[in-house]
Each structure stands twice: as structure tokens, then as C-alpha cells.
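I have placed the structure first, in the form of C-alpha cells, so that the comments after it can refer back to it.
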Amino acid sequence: MKRILVTGATGQIGSELTLALRERYGNENVVAAGHKRKPSEELLNSGPFEIIDCGTISTVEKVVKKYKIDAIYHLAAILSAVAEAKPKLAWDVNINGLCNILDVAREHGCAVFTPSSIGAFGPDTPKDNTPQDTLQRPNTMYGVTKVAGELLCDYYNKKFGVDTRGVRFPGIISYVTLPGGGTTDYSVEIFYEALKHRRYTCYLKPDTYMDMMYMPDAIKAAIDIMEADPKKLLHRNAFNVTAMSFAPEKIANEIKRYIPDFVIEYNIDPVRQAIADSWPNKMDDSAAREEWGWKPSYDLASMTKDMLEKLSKKLEIKI
Ligand code: SER
0 MKRILVTGAT
10 GQIGSELTLA
20 LRERYGNENV
30 VAAGHKRKPS
40 EELLNSGPFE
50 IIDCGTISTV
60 EKVVKKYKID
70 AIYHLAAILS
80 AVAEAKPKLA
90 WDVNINGLCN
100 ILDVAREHGC
110 AVFTPSSIGA
120 FGPDTPKDNT
130 PQDTLQRPNT
140 MYGVTKVAGE
150 LLCDYYNKKF
160 GVDTRGVRFP
170 GIISYVTLPG
180 GGTTDYSVEI
190 FYEALKHRRY
200 TCYLKPDTYM
210 DMMYMPDAIK
220 AAIDIMEADP
230 KKLLHRNAFN
240 VTAMSFAPEK
250 IANEIKRYIP
260 DFVIEYNIDP
270 VRQAIADSWP
280 NKMDDSAARE
290 EWGWKPSYDL
300 ASMTKDMLEK
310 LSKKLEIKI
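Quick note on numbering: numbering that gives the first Met the number 0 labels position 89 of the sequence shown as 88, and the sequence is numbered without any gaps.
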């Protein structure tokens, strides 16, 4: 990877991954591409920025040619809760957008990283220690696009030799950019509300377990899989990766260790509860550990400590 394009660079993962890639590969070698969200000053000032609409292939191709791109991190996507509200938009962005990226990659010899998700599993999938290779019959539009995306990436690799790679991300927790419209968003919102109001109303039931990961580990996963020795990869796309599994009541208890008067309340959103109930409690990520050395650094305790420290500084609120 010498010249990298990041789509969705203004999003939750993209805004931090782009800066990490710039640090690693050089500012000028990493092109950030956004569509509708306004880029931060840091993103704009630290390297090239372009507007791309992944649904219009010519806008992608123009940038790939201009910067002689050889690797694409394709992060532009619609998350699960928005996808349930706007299924056609989710299909357009998550599938037609991905197809365009893969076609441009095929034509111009680019490697492609595409994140899949815990959302690629469904209610019939084993919930605990969810295997790498298992039943995938998701009942959400997000899940439908994620499974199709995993298969598309495998297909472009096998059929056309495109160097496609990817992971199934769990909920990502971060303090720089807010996630937009996911089912796991509570795990970020809870920190903002705990600091601002000492109180959070959660839209999921207290015992809803899901896999989660702190942003530094997500960035590490995205970089490590793309740098992995291809000869060691038995799987290519959609590696299960996780760092912790918790439920709202567990993270609330962890936050209370620092903010003893923090209170969590519940007002269940049936749409997001149904999505969460259809996803695994905890994935088995041993294939990623064996094939490319995946190992997360943060668990619930160390993530909570760091999040509260960083966010209290950002919001200028004392813990
Ligand atoms: N964080 C995503 C969502 O909740 C899952 O991949 O939609």
C-alpha cells in the first residue's frame, strides 16, 4: 500500500483511521473522501480531501486515477437502524457503492478493505462463541447488505484477483466522531450523557449482550489485516474480530466506578432491540488470531477508564 483512498473518511471510523494511516504512510499518500458530512479541520489540513459519491462510479474513478491509488479503505456505509428506516438507501449505498469500488479496484489494481459487521449474523446463528464460518440468515436490511458485501468481496477476489480483505466489526466505541444510526450507538452515547448529565436513558434492555471494541483496536485491526501476509490468510473477508462483550447494565456499573451518582434508565426502542436480539452475544475470533495475529489491547475496564479521561478533557467536564 503506497497511495490510499479512504471513503467515508468523515465518519466515526474514517475520521480516526485516516489520521492513523497518514501517520503511517505519509500525509500526502492518504486521500480522505467524504460525501455529505463536513470534514474536521484536522482532516482537511493534514492531507488531500476529495468529495466522492460512491454511487456514481466516475467520481470514484477520477480520484483513483488522479492520485494513482493502490489501496482503498471503503468505509462509506449506512448503519443498521437507519437501514431499517430506509432500506432502499441502504441497498444503494452498501451494495451499489461497494460494487462501484470493486469495479474501480479491478480496473486499476487496487487492494480493498471493506468492513462487515456483527450485523451479518441473524437470529438462527449460534449466539455464544459465534463461529467464523456459520449460518448467516440476517433479518435486517443492514445484515442483508453485509452478507452480500462479504460474498461480493470473496467473488471479486476469486474471479478477478482483486486483493479484497475485511473484518466483521462489532460496535465501535470512540470519543472523536459520533457514530451515526447504529444499534450499538448507546455504548458511545452513555459516556457523553454520564459526563454531561450523570444520567442516561438506554434504548436497549439491561441484559442485551453484544460484541464491542475501542477505536484504537479497530484501527489496528484495519491496518493489520491489510498488511498481513496473504499466504497465511485462509479467510480473506469478514474475519470475526472482537475485544469485549457487555450489556448496558455492565457498562453502566463500570462507569459508576468513576461517577458513583451515575444513573441508567431504560426506555426500549423495539426496532433497535429486535436488531440487537438478532445479533451474537459474543463472537469467536480465533481465525483472525491464528491467520494474522489479531489481539486487542482494550477490555471493558481499560476502555472505560480511557474514554472517560479523553472525553472529560474534550468536553471540559470534570469527572
Ligand atoms: N455498529 C453497527 C451498527 O450498530 C454494527 O456494525 O449498526
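Cβ coordinates follow ideal geometry from the N, Cα and C atoms, glycine included.
Would you kindly check if the distance between the Cβ of D223 and the Cβ of G292 is under 8 angstroms? Taking a C-beta distance under 8 angstroms as the contact criterion, G292 and D223 qualify as a contact pair.
Problem set entry | Pairwise C-alpha distance: T133 and L314 | Cα-Cα distance, rounded: 42 angstroms.
Just checking T207 against ligand 1 - is the residue's beta carbon closer than 7 angstroms to any of the ligand's heavy atoms? Answer for T207: no, Cβ out of range of ligand 1.
**Study point:** For M140 and W90, the rounded distance between their alpha carbons
**Key:** If you take the alpha carbons of W90 and M140, they lie about 8 angstroms apart.
Original post:
Anyone know if the C-beta pair for I71 and V111 falls short of 8 angstroms?
Top reply: V111 is positioned such that its CB atom lies closer than 8 angstroms to that of I71.
Query - From F120, Y213, P215, residue whose alpha carbon lies closest to that of F238 - result: The residue from F120, Y213, P215 with its alpha-carbon nearest to that of F238 is F120.
Q. Which runs of the alpha helix (DSSP H) fall wholly inside the region 184-266 and span at least 4 residues, in chain order?
A. As summarised for the region 184-266, the continuous alpha helix (DSSP H) elements at least 4 residues long and confined to that stretch are 185-196, 214-226, 247-255, given in chain order.
How about G179 and Q11: do their beta carbons lie closer than 8 angstroms? The beta carbons of G179 and Q11 sit closer together than 8 angstroms.
| Beta-carbon proximity list for K195, same chain, < 8 angstroms, skipping 5 on both sides | The answer, listed in chain order, is L314, I316.
Original post:
Excluding five sequence neighbours on each side, which residues of the same chain lie with their C-beta closer than 6 angstroms to the C-beta of T9?
Top reply: So the qualifying residues of the chain are G33, R36, P38.
Quick one: what's got a C-beta closer than 6 angstroms to A156's C-beta in the same chain, skipping five residues either side? It should be noted that the sequence gives Asn, not Ala, for residue 156. Cβ neighbours of N156 beyond the five flanking positions: T163, R235.
Reference M282; option with closest CA among K126, D184, L151: Relative to M282, the option among K126, D184, L151 whose CA is nearest is K126.
**OP:** Answer yes or no: the CB of L78 versus the heavy atoms of ligand 1, is any distance below 7 angstroms?
**Re:** The closest heavy atom of ligand 1 lies less than 7 angstroms from the beta carbon of L78.
request  = Look up T58 in the DSSP assignment and give the residues it is bridged to.
outcome  = Note: T58 sits in no beta bridge, so no partner.
Can the beta-carbon of V62 be found closer than 8 angstroms to that of P114?
Cβ atoms of V62 and P114: not closer than 8 angstroms.
*Check whether the Cβ atoms of T303 and E253 sit closer than 8 angstroms, and answer yes or no.*
It is a contact, given that the beta carbons lie within the stated cut-off.
Ligand 1 heavy atoms versus the CB of G181: any closer than 7 angstroms?
-> When distances are taken from the beta-carbon of G181 to the heavy atoms of ligand 1, the shortest one is below 7 angstroms.
TODO: Assuming E49 and V103 form a contact by the criterion Cβ under 8 angstroms, report the distance between their Cβ atoms to the nearest whole angstrom.
DONE: Not confirmed; about 14 angstroms, so no contact.
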